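Heads up, the thing below is written out as structure tokens.
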Amino acid sequence: ANPIVTRVAFPLFARIQDDNTRLRSGFLDAIRILAMVLFPCYVGLLVLAKPFTLAIVGAQWVPMVPTLQILCVLAMLYCLGNPLGSLLLAKGRVDLGLYLNLWRTMLFAIAIPVGAKWGIEGVASALVITVVCLVFPVSFRIRWSLVEMRALEYFKAFGLHLLAALLMGAAMLCVRLLGVQFTNPVADLAVLSAFGGLVYLAI
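Written out as structure tokens, the structure reads:
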């Protein structure tokens, strides 16, 4: 969904590059679409990481489940940041995109060896912490400089979808706690995915 939205967004943004109000609205619409589609997928995968791993790659990969769950969080953060590239291109500020990528690369070059002290889970966690604490604040400043986008309206764009996805995840966990589980991981994955999807649509 990310590449599709960003590919469509750039030419649309480019047509209205001098209208900050419409650009800001278009960017927030892109965030809403991504959050609506991807948040339930990532939250569902986080909850169903074990049956997903068993069904797709086998029992030998089960120790990687915690890492997969952390990467789901990282993926959610990335989907919120990707439309910024289309906005930078539309405004002719690829230089800011270069600086942001250099900043992120430098931070990751530090975070990865630090997190490696705690294994692969530590690396994944270090990347999440770095993005939340050091990359996102810079992205907020860039969005403000481009279209005067406030942090609150940015959070409002995806807040309800995040809440709905989290409630869906909570419902799936409740089903798990009630002991609903199939011995076949494919059936387990299919049934709980369908249940989660219905809960999300209902919300």
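Okay, so the sequence shown: first residue is 2 according to this note's numbering, each after it adds one.
All C-beta atoms in this analysis are idealised placements derived from N, C-alpha and C, irrespective of residue type, glycine included.
Owing to the predicted nature of the structure, the values given are computational and were not obtained by experimental measurement.
Roughly how many whole angstroms lie between the Cα atoms of residue i and residue j?
| i | j | result |
| --- | --- | --- |
| A195 | I17 | 40 Å |
| L47 | D30 | 25 Å |
| L13 | A172 | 38 Å |
| V74 | W119 | 18 Å |
| V132 | E122 | 16 Å |
| V6 | A203 | 25 Å |
| A15 | L101 | 21 Å |
| V63 | L72 | 15 Å |
Indicate the three-state DSSP secondary structure (helix, strand or coil) for residue i in the structure shown.
| i | result |
| --- | --- |
| G86 | helix |
| D19 | coil |
| V187 | helix |
| V58 | coil |
| L49 | coil |
| G198 | helix |
| G93 | coil |
| I5 | helix |
| C204 | Residue identity differs from the one stated: residue 204 is Ile in this sequence, not Cys. Coil, per DSSP. |
For chain B, find out if any of its Cβ atoms is closer than 7 Å to the Cβ of residue i; answer yes or no.
| i | result |
| --- | --- |
| L78 | Although the question refers to chain B, the structure presented lacks it and comprises just one protein chain. |
Could you work out which residue in the options is closest to residue i when comparing CA atoms only?
| i | options | result |
| --- | --- | --- |
| E149 | V6, D20, L128, G160 | D20 |
| G170 | I5, L199, R25, F183 | L199 |
| L88 | Y201, R8, G197 | R8 |
| V136 | L39, R151, Y79 | Y79 |
In chain order, what are the residue ranges of uninterrupted beta strand (DSSP E) at least 3 long that sit wholly in the stretch 109-181? Listed in chain order, there is nothing to give.
Any 3 or more C-beta pairs closer than 8 Å across the stretch 184-193 and the stretch 40-59: Using a Cβ-Cβ distance cut-off of 8 Å, the stretch 184-193 and the stretch 40-59 are in contact, since at least three pairs of beta carbons, one from each stretch, lie closer than that value.
Segment contact, 8 Å Cβ cut-off, at least three pairs: the stretch 50-57 with the stretch 167-187: The stretch 50-57 is in contact with the stretch 167-187.
Under 8 Å, with one C-beta from each stretch per pair, do the stretch 144-159 and the stretch 24-38 reach the 3-pair mark? Yes: the two stretches touch, three or more of their Cβ pairs being nearer than 8 Å.
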